[in-house]
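J.: Before anything else, here's the structure in question.
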Amino acid sequence: MLRNKKFHSGGFVLVEFAIALPLLILLLYGLTTVSLNIFRLEKDQLADYVLEEEAEYVMERITKAARAAKEIEAFNASNSIKIIYHTVDDDTDRNDVSDQSSGNYILYTIKDVWETQYFLTYAKAGSDFQNLYAVRQKTSKPTNPITGENYFGSTKINSLQFSELKENVLHITLEMESLKTGNKIKIATAVFMPGCEKKAGLPHE
Amino acid sequence: MRKIKILLKDERGYLMLNVIFLTLITSFAAMILLNAAPRVKNPHSTLRLTALYLADEQFAQLESMAAAGEPLTTNFLGKMEDLKSENSATGKPTEFKVETTISGDSNLREVTVTVKWTVDEKDFEIKSERTIWLVEK
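Those protein sequences? They're chains U and C, same order as listed. Taking the numbering used here, the leading residue of the first sequence gets 1, the next gets one more, and so forth. Taking the numbering used here, the leading residue of the second sequence gets 1001, the next gets one more, and so forth.
See the structure below:
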């Protein structure tokens, strides 16, 4: 009887093991697949986030400068634009008329100045991908692009086009692509430029 | 062998139990991890950004009209092709609807632009507001 019971017990463990081992292997395989997918998803998500953020940043930079633009010159063939815009600076010449005691110092000493900003797309030597540069002077070899060269997923500028929708309404279309995921983003907006006096290179819609 | 059998006599059933519990625990872990992936939760953030800039386009046109002394209209005044976008995570084309409401009788008009779109039969919208000075000419 004892002998019989022992035999039965050993057999059960073997059968149990035979069922449990494939289950365990399946389970671990499933878990590994899910984990790998999630990691890949996260990496793609980060790359897409970089793409979205960079597109938003470029749009904000251009619309902010264009809103106060005095002169605009678009170079649609090279996906670039030159904006001369109004900004303010301390008027050091008028310090004598300022009344610092009454707290009106700032009012008297602000003067209108013009700032020049170029947004140039340019592909680095050895690279086929265009990055966008925000520079003050037109140069053939700009440095430190405002798009691309991101550790989480580099991007490229596919197109940056400008046109005039109505009198003094600048229409901007930006298309960017993530080099990591291949996803594209195309954003279009318009900005009204009340103080714009001179426009060049802008096709009318 | 005999010794092993004696040793395992009291252990029967536990391995199976372990696997069952492990399955349950890992299933929960996998569900939590999948939910944590933000792309699964919010695949349309890019469309929201596109819609916000589309609203800005409408505002720019309205501002231009207001500065020229023209009466403001509620039609979409931007480029028609901007109403279509393929920015969703699935790559499917999405169509935006732009609705504009203008309130106020004085020269300061409160303008609300609502951009609506539908993805997988779910409706989304953003609302943007701006005060526009109407120039009298």
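Just so you know, even glycine gets a beta-carbon here, dropped at the ideal spot from N, CA and C. Computed from a predicted structure; not experimentally measured.
According to DSSP, simplified to helix, strand and coil, what is residue 178 of chain U?
T.: Strand.
J.: If we ignore side chains and look at the alpha-carbon of each, how far apart do residue 1061 of chain C and residue 153 of chain U end up?
T.: The straight-line gap from Cα to Cα measures roughly 35 angstroms.
J.: How big is the Cα-Cα spacing for residue 162 of chain U and residue 1106 of chain C?
T.: Cα-Cα distance, rounded: 34 angstroms.
J.: Using CA coordinates, which residue listed in U/166, U/73, U/145 is at the minimum distance from residue 1067 of chain C?
T.: It is U/166 whose Cα lies nearest to the Cα of residue 1067 of chain C.
J.: Could you please give the first and the last residue of the uninterrupted alpha helix (DSSP H) stretch that includes residue 1051 of chain C?
T.: Looking at the DSSP string, the run of the alpha helix (DSSP H) that includes residue 1051 of chain C is 1045-1067.
J.: Quick check: what's the CA-CA separation for residue 24 of chain U versus residue 181 of chain U?
T.: Cα-Cα distance, rounded: 34 angstroms.
J.: Which class does residue 124 of chain U belong to by DSSP, given the choice of helix, strand or coil?
T.: If DSSP states are grouped into helix, strand and coil, residue 124 of chain U belongs with coil.
J.: Rounding to the nearest angstrom, what Cα-Cα distance links residue 120 of chain U and residue 201 of chain U in this structure?
T.: Distance between the alpha carbons of residue 120 of chain U and residue 201 of chain U is about 15 angstroms.
J.: Can you confirm whether residue 1072 of chain C, when its beta carbon is compared against all beta carbons of chain U, has any partner nearer than 8 angstroms?
T.: For residue 1072 of chain C, the answer is no, since every Cβ of chain U falls outside 8 angstroms of its Cβ.
J.: I need the straight-line Cα distance from residue 1048 of chain C to residue 20 of chain U, nearest angstrom please.
T.: Spanning the two alpha carbons is a distance of roughly 49 angstroms.
J.: Spell out whether any CB of chain C is found under 8 angstroms from the CB atom of residue 2 of chain U.
T.: Because the pLDDT of residue 2 of chain U is 47, which lies under 50, any placement of that residue in the model is unreliable, and the question is left without a value.
J.: Since residue 1088 of chain C contacts residue 1044 of chain C with CB under 8 angstroms, what's their CB separation in whole angstroms?
T.: Rounded, the Cβ-Cβ distance is 6 angstroms, consistent with contact.
J.: I need the DSSP call for residue 45 of chain U, collapsed to helix, strand or coil.
T.: If DSSP states are grouped into helix, strand and coil, residue 45 of chain U belongs with the helices.
J.: Buried or exposed, going by whether 16 or more other CB atoms sit within 10 Å of the CB of residue 1031 of chain C?
T.: Exposed, by the Cβ-count rule.
J.: Taking only three categories from DSSP, how would you classify residue 151 of chain U?
T.: Residue 151 of chain U: coil per DSSP, three-state reduction.
J.: I'd like to know if residue 1067 of chain C contacts chain U, where contact means its C-beta is closer than 8 angstroms to some C-beta of that chain.
T.: Yes, residue 1067 of chain C lies at the interface with chain U (some Cβ there is under 8 angstroms from its Cβ).
J.: Express the C-alpha separation of residue 157 of chain U and residue 38 of chain U in angstroms, rounding to a whole number.
T.: Straight-line Cα distance between these residues: approximately 28 angstroms.
J.: Could you tell me whether the Cβ of residue 24 of chain U comes closer than 8 angstroms to any Cβ of chain C?
T.: Yes, residue 24 of chain U lies at the interface with chain C (some Cβ there is under 8 angstroms from its Cβ).
J.: Using 10 angstroms around the beta-carbon of residue 2 of chain U, count the other beta-carbons present and answer buried if the total reaches 16, otherwise exposed.
T.: Here residue 2 of chain U scores only 47 on pLDDT, less than 50, and its place in the model should not be relied on; the value that follows carries that caveat. With fewer than 16 Cβ atoms within 10 Å of its Cβ, residue 2 of chain U is classed as exposed.
J.: Contact between the segment 77-94 of chain U and the segment 178-192 of chain U is defined here as three or more beta-carbon pairs at a separation below 8 angstroms; is this criterion met?
T.: Contact fails: fewer than three Cβ-Cβ distances are below 8 angstroms.
J.: Report all residues from its chain with a CB closer than 8 angstroms to the CB of residue 1136 of chain C; omit the five preceding and five following residues, and keep chain order.
T.: Excluding residues within five positions, the ones whose Cβ falls inside 8 angstroms are 1069, 1107.
J.: For a test of the three-state rule: what should DSSP assign to residue 91 of chain U, helix, strand or coil?
T.: In this structure, residue 91 of chain U counts as coil in the three-state DSSP scheme.
J.: Leaving out the 5 sequence neighbours to the left and right, which residues in its chain are closer than 7 angstroms to residue 13 of chain U when beta-carbon positions are compared?
T.: Correct list: empty, nothing qualifies.
J.: Do you know how far the Cα of residue 44 of chain U is from the Cα of residue 1053 of chain C?
T.: Rounded to the nearest angstrom, the two C-alpha atoms are 24 angstroms apart.
J.: What does DSSP give as the partner residues of residue 164 of chain U in its beta bridges?
T.: U/170, U/204, per the DSSP bridge assignment.
J.: Are residue 58 of chain U and residue 170 of chain U closer than 8 angstroms when you measure CB to CB?
T.: Not closer than 8 angstroms, so no.
J.: So what does DSSP say about residue 136 of chain U, is it helix, strand or coil?
T.: Residue 136 of chain U falls in the coil class under three-state DSSP.
J.: Residues in the segment 1076-1094 of chain C with C-beta within 9 angstroms of chain U's C-beta atoms, listed in sequence order?
T.: Listed by position, the residues of the segment 1076-1094 of chain C near chain U (Cβ gap below 9 angstroms) are 1077, 1078, 1079, 1081, 1082, 1085, 1086, 1087, 1089, 1091.
J.: Taking only three categories from DSSP, how would you classify residue 1027 of chain C?
T.: Note: residue 1027 of chain C maps to helix in three-state DSSP.
J.: Would you mind sorting residue 72 of chain U into buried or exposed? The rule is 16 or more other CB atoms within 10 Å of its CB.
T.: So residue 72 of chain U counts as buried.
J.: How would you write the range of the beta strand (DSSP E) that residue 1116 of chain C sits in, first residue to last?
T.: Note, residue 1116 of chain C: beta strand (DSSP E), 1108-1119.
J.: Please state whether the Cβ-Cβ distance between residue 1130 of chain C and residue 1059 of chain C is less than 8 angstroms.
T.: Result yes, Cβ atoms of residue 1130 of chain C and residue 1059 of chain C sit closer than 8 angstroms.
J.: Grab the span of the beta strand (DSSP E) containing residue 70 of chain U for me, first residue to last.
T.: Per DSSP, residue 70 of chain U belongs to the beta strand (DSSP E) from 69-75.
J.: With which residues is residue 20 of chain U paired in a DSSP beta bridge?
T.: Bridge partners of residue 20 of chain U: none, in fact.
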